[in-house]
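> Numbering (the UniProt record's numbering), first residue to last: 1 to 199.
Have a look at this one.
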């Protein structure tokens, strides 16, 4: 004989379907609101890069990174080569941990007061660029040095002026270039005895 399904059985099945439907609605709502919440939440803003402390350890670590970066670069020859070389060999080792502009501004300011570590950092970066150019037999006008330092990102206009980059005006610069004599490279505060012994 066929089994009869009572009213109670059909009611239980209907209740189960309603529960499943309600659960599906809850899950869908949770998914929608959850996605909306996480999409609206902005990622945290990273802290600004710090200025490199002018301590022996920090300067030594930075100059070690500079030396490693220099060894991986081909010797520059043209002005464009020097811009790329300075960016890769001197700027990136600083930028990997610190704010370049603020760090170099601090170094120039402290070096002018005789701070040995600041002078050491500048000797291994800003001054070393000039040394590499001299070793390659290249001379640049003040305008060209400005282009190398500023385009590479090692210095900004203020720090370039602070190291003496504007001692020669544009007219003098052009006159010297027409005579075949390049103006001297931007100057830096004199070396301390400690820095001079270390070079």
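Positions of the beta carbon are idealized from the N, C-alpha and C atoms, including for glycine.
The model shown is predicted, which means the values in this text are computed figures rather than measured ones.
Reducing DSSP to helix, strand and coil, say where residue 50 ends up.
Strand.
> Taking the alpha helix (DSSP H) that residue 82 falls in, what are its first and last residues?
That run of the alpha helix (DSSP H) goes 79-86.
> What separation, rounded to the nearest whole angstrom, lies between the Cα atoms of residue 55 and residue 155?
The alpha-carbon atoms of residue 55 and residue 155 are separated by roughly 20 Å.
> Short check: CB of residue 106 to CB of residue 51, under 8 Å?
Yes, the pair counts as a contact, with Cβ atoms nearer than the cut-off.
> Assuming contact is defined by CB atoms lying nearer than 8 Å, are residue 93 and residue 85 in contact in what I supplied?
Taking 8 Å as the Cβ cut-off, residue 93 and residue 85 do not qualify as a contacting pair.
> Measure how close the beta-carbons of residue 83 and residue 146 come, nearest whole angstrom, since I'm counting them as under 8 Å.
Contact flag wrong, Cβ pair sits at about 11 Å.
> Expressed to the nearest angstrom, what Euclidean distance is found between the alpha-carbon atoms of residue 127 and residue 134?
In a straight line, the C-alpha of residue 127 is about 11 Å away from that of residue 134.
> Could you pull the start and end residues of the alpha helix (DSSP H) that residue 148 belongs to?
Counting along the chain, the alpha helix (DSSP H) containing residue 148 begins and ends at 142-152.
> Can you list, in chain order, the residues of its chain whose CB lies under 7 Å from that of residue 117, leaving out five sequence neighbours each side?
Counting only Cβ-Cβ distances below 7 Å, and skipping sequence neighbours, we find 54, 55, 56, 59.
> Using 10 angstroms around the beta-carbon of residue 17, count the other beta-carbons present and answer buried if the total reaches 16, otherwise exposed.
Exposed.
> If contacts are defined as beta-carbon pairs under 8 Å, then residue 153 and residue 87 qualify, I think. What distance do you get, rounded to the angstrom?
The pair is a contact, with the Cβ atoms about 6 Å apart (cut-off 8 Å).
> Measure the alpha-carbon distance for residue 142 versus residue 125 and round it to whole angstroms.
The straight-line gap from Cα to Cα measures roughly 18 Å.
> Residues in the same chain with beta-carbon distance under 7 Å from residue 144, minus the five sequence neighbours each way, listed in chain order, please.
Same-chain partners within the cutoff: 79.
> Under 7 Å Cβ to Cβ from residue 66, same chain only, skipping five residues before and after it: list those, please.
Hits under 7 Å: 89, 90, 93, 124, 125.
> Rounded to whole angstroms, what's the CA-CA distance from residue 158 to residue 71? Just pull it up for me.
Taking the straight line from one Cα to the other gives about 30 Å.
> Which partner residues of residue 98 appear in the DSSP bridge assignment?
Its beta-bridge partners are 50.
> To the nearest whole angstrom, what separates the beta carbons of residue 122 and residue 100, a pair I think is in contact under 8 Å?
That pair is no contact at about 13 Å.
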